[in-house]
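Student: Numbering (the working numbering), first residue to last: 573 to 838.
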């Protein structure tokens, strides 16, 4: 399959207009806040970049890099809540996630824009289902099966790859999976989840920058917006109702999924 980096960097039509810069910054604020609250920040940033004329693979890579500082800011805000998940320490979890993120981001580099356009709606649908039914599925399975640390490590490796390749809704998937495997509440998992998002993004950021997949003219304002959104989103997450966060995130992901299915297959 032909790599997307074999083509010249595209020139979005709104790149040099202030409206494009403002849209990128605003999407960064929203995406950073969403990541801090429950994950799914790329549901805000990637569609904005595509709307500005950036091909989907470049948009996904640029979105990932732009949200990385915000993810780090959120992880720092939540740092006092870090603790092992089901007996697996944070260093082990971070190492697994980082390697998985490297693998996933390399897979994206090898994916053509057209193939990615066809794949993304299904990834979005999967993420939407995880948001809608992940908690109930975790509770149902936990009442019937007992899963230990080894299963947690395997699941974390797969989610690390997913996070590096696309990452849409991966924070919500982490919460659902960890809830099943450890029995912990979403509130208790907020800190480790936010850290793992930052680690997966860091791995992908290294690959995307090294392979020239980042559109810096739009990435910079989106990155600055992501820092602001990530910081205040984490603070808001400490006081906001979990139900409100879930409903808002679900509405955003459903709308984004519908748009991407229409774009790819309509």
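Cβ coordinates follow ideal geometry from the N, Cα and C atoms, glycine included.
This structure is a prediction, so every number in the text was calculated from the model and none was measured.
So residue 634 is in the alpha helix (DSSP H); what residue range does that whole segment cover?
Tutor: For residue 634, the enclosing alpha helix (DSSP H) begins and ends at 628-649.
Student: Taking C-beta to C-beta, are residue 736 and residue 776 nearer than 7 Å?
Tutor: yes
Student: Touching or not, the segment 674-692 and the segment 806-821, by the rule of three or more beta carbon pairs under 8 Å?
Tutor: no
Student: Scan the segment 653-693 and note each continuous alpha helix (DSSP H) run of 4 residues or more that stays entirely inside, going in chain order.
Tutor: 662-681
Student: So, with DSSP's three-state summary, where would you put residue 767?
Tutor: Residue state, collapsed to three classes: helix.
Student: Out of 603, 623, 734 and 653, which one is the CA nearest neighbour of residue 831?
Tutor: Taking the Cα of residue 831 as reference, the smallest distance to any Cα among 603, 623, 734 and 653 is reached at 623.
Student: Please classify residue 825: is it buried, with 16 or more other beta-carbons within 10 angstroms of its beta-carbon, or exposed?
Tutor: buried
Student: Find the nearest neighbour of residue 733 within the set 596, 666 and 617, judged by alpha-carbon distance.
Tutor: The residue with the shortest Cα to Cα distance from residue 733 is 666.
Student: For residue 649, which residues in the same chain have their Cβ closer than 6 Å to its Cβ, ignoring the five residues on either side in sequence?
Tutor: 806
Student: Can you find a heavy atom of the ligand SAM that lies under 6 Å from the Cβ of residue 616?
Tutor: Within the structure as shown, the ligand SAM is missing, as the structure has no ligands at all.
Student: For the alpha helix (DSSP H) holding residue 812, just list the boundary residues, first then last.
Tutor: From DSSP, residue 812 is part of no alpha helix (DSSP H); its letter is neither H nor E.
Student: Could you have a look at residue 730 and say whether DSSP puts it in helix, strand or coil?
Tutor: helix
Student: Tell me which same chain residues have a C-beta within less than 7 Å of the C-beta of residue 794, skipping the five on either side of it?
Tutor: Its chain contains 596, 597, 599, 600, 617 and 638 as the residues whose beta carbon lies nearer than 7 Å to that of residue 794, once the 5 sequence neighbours on both sides are disregarded; these appear in chain order.
Student: Quick check on this structure: which residue in 799, 817 and 657 has the alpha carbon closest to the alpha carbon of residue 749?
Tutor: 657
Student: Tell me which same chain residues have a C-beta within less than 6 Å of the C-beta of residue 653, skipping the five on either side of it?
Tutor: 763
Student: Please classify residue 705: is it buried, with 16 or more other beta-carbons within 10 angstroms of its beta-carbon, or exposed?
Tutor: exposed
Student: From this set, 829, 797, 774 and 819, which residue's C-alpha is nearest residue 602's C-alpha?
Tutor: With distances taken between Cα atoms, residue 602 lies closest to 797.
Student: Where does residue 824 sit, in a helix, a strand or coil, going by DSSP?
Tutor: helix
Student: Please go through the same chain and pick out, in chain order, the residues whose beta-carbon is closer than 6 Å to the beta-carbon of residue 647, but skip the five residues on each side of it.
Tutor: 766, 767 and 770
Student: Can you tell me whether residue 635 is buried or exposed? The criterion is at least 16 other CB atoms within 10 Å of its CB, across all chains shown.
Tutor: buried
Student: When the Cα atoms are used, what is the spatial distance from residue 606 to residue 594?
Tutor: 18 Å
Student: Roughly how many angstroms lie between the CA atoms of residue 841 and residue 609, to the nearest whole one?
Tutor: Outside the shown range of the chain, which is 573 to 838, sits residue 841, and nothing can be said about it.
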